[in-house]
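*Asks:*
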Amino acid sequence: MNWITEHKIPIGSWMESFVDWLTANADFIFDAISITLEWLILTVVELLVWLPPSVPILAAGAIAWLLHRSVPLVIFVVAALLLILNLGYWQEMLETLVLVLTATTISIMFGVPIGILAAHKPWLYTILRPILDLMQTIPTFVYLIPTLVLFGLGVVPGLISTIIFAIAAPIRLTYLGISKVPGDLIEAGRAFGATPFKLLYKVELPAAMPSIMAGITQCIMLSLSMVVISALVGADGLGKPVVRALNTVNISQGFEAGLAIVLVAIILDRICKAPNAKEDV
Amino acid sequence: MAAISIQNVDVIFGKNTEQSIELLDQGKSRQEIINTTGDTVGVHNACIDIEEGEICVLMGLSGSGKSSLLRAVNGLNKTSRGKLLVQDCEEMVDIASCDRATLLHMRSKRISMVFQNFALMPWLSVVDNVAFGLEMQGMGKTERRKKAMEQLKMVSLDQWADKLPSELSGGMQQRVGLARAFAMDTDILLMDEPFSALDPLIRSQLQDELIELQQNMKKTIVFVSHDLDEALKIGSKIGIMESAKIIQYDIPENIVLKPANAYVQDFVAHTNPLNVLKGNSLMKHVNDLTETQYGYCFDEQQQLYLNVDHQQHLINITHLDQVQQMQFCPADQAVEELSKNTVTLVPADITMKRAIEIKYHTGYPIILAEQERVLGVLNDHSFYHALLGKHFQTDLEEAL
Chain A
85 MNWITEHKIP IGSWMESFVD WLTANADFIF DAISITLEWL ILTVVELLVW
135 LPPSVPILAA GAIAWLLHRS VPLVIFVVAA LLLILNLGYW QEMLETLVLV
185 LTATTISIMF GVPIGILAAH KPWLYTILRP ILDLMQTIPT FVYLIPTLVL
235 FGLGVVPGLI STIIFAIAAP IRLTYLGISK VPGDLIEAGR AFGATPFKLL
285 YKVELPAAMP SIMAGITQCI MLSLSMVVIS ALVGADGLGK PVVRALNTVN
335 ISQGFEAGLA IVLVAIILDR ICKAPNAKED V
Chain B
2 MAAISIQNVD VIFGKNTEQS IELLDQGKSR QEIINTTGDT VGVHNACIDI
52 EEGEICVLMG LSGSGKSSLL RAVNGLNKTS RGKLLVQDCE EMVDIASCDR
102 ATLLHMRSKR ISMVFQNFAL MPWLSVVDNV AFGLEMQGMG KTERRKKAME
152 QLKMVSLDQW ADKLPSELSG GMQQRVGLAR AFAMDTDILL MDEPFSALDP
202 LIRSQLQDEL IELQQNMKKT IVFVSHDLDE ALKIGSKIGI MESAKIIQYD
252 IPENIVLKPA NAYVQDFVAH TNPLNVLKGN SLMKHVNDLT ETQYGYCFDE
302 QQQLYLNVDH QQHLINITHL DQVQQMQFCP ADQAVEELSK NTVTLVPADI
352 TMKRAIEIKY HTGYPIILAE QERVLGVLND HSFYHALLGK HFQTDLEEAL
């Protein structure tokens, strides 16, 4: 049986040479993406940090009220944000929020159209499915290494890793929503003279909306679960104090930062689920 | 000119339509074609002309191809072979071969459709659902809402305009579906088992509503149904389909009286034909009555005789030699207003249902007349025939 181990198939080195090739030949593209995204995120964070904390807190309360019309939710949102402010994680919380929302926005921008396309072209979904499985199952650290090489230290490799991990949710659920649109609704649309474009906008998308919204909520949650890992490659945010606490075995800091992450997660989840819950009534 | 002319239409679902058509021409069965090419034959060689203002009912069991043929009329199903001409103002457009733009034009201006499971958009309010087709036409919001409200009034649902479809009962939802189709102002209406998903009572109510609406609108309607009673009630022509073929296309009365084969006869045997059967097809002819010294005897028990002149004009009705009173009952007169115990003269095309009502009310036989000429009489024998569904055996029995 020695012959099996004698000649190792160089899968690892293939990947390495591919990444090397990318760095050598397409570096300018990655640099451009990196610089643009970093500038965008840092500007937004700076703006939010510059604002007095009362403004984002009131804004969050107002959004919760508009979407949900529920007093307990508004009280919870405001109280949770005040607690984070009190614990001293205000800036980190804003950085995390911007990172998560940017990752989600980009995921939706690409994920929803890809999902729509896949629902209309079965062959595309056949190709996509193993890729999506791969993106979700490969341990995050594995693709953190090449993104680090390609985009350099900082917030961008964290953002890209987050997107790779989270984009599968909107693709999958958009695909599911669109392909589950009842056949008679599609027929009705066509029978009343809808063009393919109108059929998409007036029938398929509204019918698939609950599923797409579920995909977006999931995408936000998945992005949030990546903050600690993003911190390892230098992204700012609530992940940083967690990593620092881990290195110094600082229980109190670790717990406080973890609590802040959980609070952000609950706030985002409750606010985003509002339109979904309405559909169900 | 026919509003819809279906000429040798085949509808085949699958990827090898050309090969399947060849096999069809060789006379292979549906199952054999599925086994060889994997294709399903939906419709095979359908040929019917539907005149303007007619309600054509396509009747058959599930899988007989009736819905497939209906969907070919607005191009939801692709016609594999043949011509499917639909009237568009002065010209006839071939749905089977026209381009995309023409097809969209036909769908939004000439043909609208009502679905079995209503197919209302659950996220749109009732009024927006009715306006859906108009929105597809590109009509502005205020204008299409105004028009939709008018249609909702017509089906008396204007109170419900801002509700969601899920808040309505099934019957109401289908009325919204009807209003949505009517809102398009198309001449042709395709209805795919529109009332099958409803309770029997609501179904019959909606059938009546449709018949009433049709009297004012005079649309050309193609209606798919698996229920022969429904077909007989609303159809002006009925096409019976079995395994992808139209096996009989005729007026309701002929379907009941002259079923093309055992399959149709089986269907007819399980229906209530009283609404369809006309008196003149079941009557006993004057010439077949026994002639006596008092005249033609048409009721032996009550000893009633009728006398006609050589042009078959009625002279009088007698009880032995006493001349009897009689009354005339035109088609629009209420049966309750007739006098009892009197022989009634009615138009020859009276439905058997009405004839039985008159007989029950007056207790006397009924004489059928057409342009003052006596054609025949309806006696107990004719009524039992109609009730027992033996009408299409009469010829046979009499021959024996």
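Protein chains in written order, with the working numbering: chain A, 85 to 365; chain B, 2 to 401.
We put the beta carbon where it would ideally sit given N, CA and C, even for glycine.
Starting from Y306(B) and walking both ways along the beta strand (DSSP E), at which residues does that stretch end?
*Replies:* From DSSP, the beta strand (DSSP E) with Y306(B) extends over 305-309.
*Asks:* So which of R355(B), A245(B), I367(B), L207(B) has the shortest CA-CA distance to H286(B)?
*Replies:* Of the candidates R355(B), A245(B), I367(B), L207(B), the one whose C-alpha sits nearest the C-alpha of H286(B) is I367(B).
*Asks:* In chain order, what residues of the same chain have a beta carbon less than 8 Å from the beta carbon of N360(A), not counting five sequence neighbours either side?
*Replies:* Bear in mind that a pLDDT of 44 at N360(A), under 50, signals an unreliable position, so the model cannot answer this.
*Asks:* Taking the beta carbon of K16(B) as the centre, do at least 16 other beta carbons fall within 10 Å, making it buried, or is it exposed?
*Replies:* Exposed, since its Cβ has fewer than 16 Cβ neighbours within 10 Å.
*Asks:* Let me check understanding here. Comparing Cα to Cα, which of D289(B), S69(B), Q334(B), Y306(B) lies closest to Q323(B)?
*Replies:* Selected option, being the one with the closest Cα: Y306(B).
*Asks:* Considering E371(B), what are the terminal residues of the alpha helix (DSSP H) in which it resides?
*Replies:* Element bounds for E371(B): not the alpha helix (DSSP H) but the beta strand (DSSP E), 367-371.
*Asks:* What is the rounded straight-line gap between the Cα of T363(B) and the Cα of I212(B)?
*Replies:* C-alpha separation (whole angstroms): 30 Å.
*Asks:* Could you tell me the distance, in whole angstroms, from the CA atom of E33(B) to the CA atom of L278(B)?
*Replies:* Roughly 40 Å separates the two Cα atoms.
*Asks:* At which residue ranges does the stretch 56-117 of chain B contain complete beta strand (DSSP E) runs of 3 or more residues, listed in the order of the chain?
*Replies:* List check, beta strand (DSSP E) in window: 56-60, 82-89, 92-95, 112-115.
*Asks:* Is the CB of F249(A) under 8 Å away from at least one CB in chain B?
*Replies:* For F249(A), the answer is no, since every Cβ of chain B falls outside 8 Å of its Cβ.
*Asks:* Could you give the residue range of the alpha helix (DSSP H) that holds V161(A)?
*Replies:* Here the alpha helix (DSSP H) through V161(A) covers 155-171.
*Asks:* According to DSSP, is C330(B) helix, strand or coil?
*Replies:* Coil at C330(B), not helix or strand.
*Asks:* State buried or exposed for T120(A), treating a residue as buried only when at least 16 other CB atoms are found within 10 Å of its CB.
*Replies:* Looking at its Cβ environment, which holds fewer than 16 other Cβ atoms inside 10 Å, T120(A) is exposed.
*Asks:* Would you list, in sequence order, the uninterrupted beta strand (DSSP E) runs of no fewer than 3 residues that lie entirely inside the stretch 219-299 of chain B?
*Replies:* Complete beta strand (DSSP E) runs here, min 3: 221-226, 238-243, 246-251, 291-293.
*Asks:* Kindly indicate the opening and closing residues of the beta strand (DSSP E) around P348(B).
*Replies:* From DSSP, the beta strand (DSSP E) with P348(B) extends over 344-348.
*Asks:* Can you name, in chain order, every residue of its own chain whose Cβ lies under 6 Å from the Cβ of K67(B), other than the five neighbours on each side?
*Replies:* Only L59, G61, V225, M242 meet the Cβ criterion.
*Asks:* Could you pull the start and end residues of the alpha helix (DSSP H) that E151(B) belongs to?
*Replies:* Looking at the DSSP string, the run of the alpha helix (DSSP H) that includes E151(B) is 142-155.
*Asks:* Where does E52(B) fall in DSSP's three states?
*Replies:* Reduced to three states, the DSSP call for E52(B) is strand.
*Asks:* With 8 Å as the threshold, decide whether the Cβ of M137(B) is near any Cβ in chain A.
*Replies:* Yes, its Cβ sits closer than 8 Å to a Cβ of chain A.
*Asks:* Rounded to the nearest angstrom, what separates H204(A) and H106(B) at their Cα positions?
*Replies:* Whole-angstrom Cα-Cα distance: 24 Å.
*Asks:* For chain A, find out if any of its Cβ atoms is closer than 8 Å to the Cβ of M242(B); answer yes or no.
*Replies:* Judged by the 8 Å Cβ criterion, M242(B) is not in contact with chain A.
*Asks:* From the DSSP output, in three-state form, read off L190(B) for me.
*Replies:* Looking at L190(B) - three-state DSSP - the assignment turns out to be strand.
*Asks:* G61(B) versus chain A: which residues are under 8 Å apart at the beta carbon?
*Replies:* Here the premise fails: no neighbours, minimum Cβ distance about 20 Å.
*Asks:* Roughly how many angstroms separate the alpha carbons of D200(B) and I211(A), rounded to a whole number?
*Replies:* Distance between the alpha carbons of D200(B) and I211(A) is about 47 Å.
*Asks:* Can you list the residues of chain A that L77(B) reaches, using a CB-CB cut of under 8 Å?
*Replies:* Going along chain A in sequence order, the residues near L77(B) (Cβ under 8 Å) are E271, R274, A275.
*Asks:* Compute the Euclidean distance between the alpha carbons of L347(A) and A164(A), then round it to the nearest angstrom.
*Replies:* One C-alpha to the other measures close to 6 Å.
*Asks:* With 8 Å set as the bound, which would you pick, yes or no: does the beta-carbon of V311(A) sit closer than that to a beta-carbon of chain B?
*Replies:* No, V311(A) does not count as interfacial toward chain B.
*Asks:* Give me the Cα-Cα distance between Y209(A) and P280(A), rounded to the nearest whole angstrom.
*Replies:* Approximately 20 Å, taken between the alpha carbons.
*Asks:* With 16 other CB atoms within 10 Å as the buried threshold, where does H45(B) fall?
*Replies:* H45(B) is buried by the Cβ-count criterion.
*Asks:* Who are the near neighbours of A329(A) in its chain, counting only those whose CB is closer than 7 Å to its CB and skipping five residues on each side?
*Replies:* Only Q337, G338, A341 meet the Cβ criterion.
*Asks:* DSSP three-state call for L427(A): helix, strand or coil?
*Replies:* The displayed coordinates of chain A run from 85 to 365. Any statement about residue 427(A) would go beyond what the structure contains.
*Asks:* Against chain B, which members of the stretch 191-224 of chain A pass a CB distance test of less than 7 Å?
*Replies:* Hits within the stretch: zero.
*Asks:* Hey, is S109(B)'s beta-carbon within less than 8 Å of any beta-carbon in chain A?
*Replies:* Answer yes: the Cβ-Cβ gap between S109(B) and chain A drops below 8 Å somewhere.
*Asks:* DSSP beta-bridge partners for N317(B)?
*Replies:* In the DSSP output, where bridge partners are listed per residue, N317(B) has N308(B).
*Asks:* Please compile the residues from chain B whose C-beta is within a distance smaller than 7 Å of the C-beta of T279(A).
*Replies:* Those are L105, listed as they occur along chain B.
*Asks:* Mind checking if V346(A) is an interface residue toward chain B, Cβ cutoff 8 Å exclusive?
*Replies:* It does not: the Cβ of V346(A) has no partner Cβ on chain B nearer than 8 Å.
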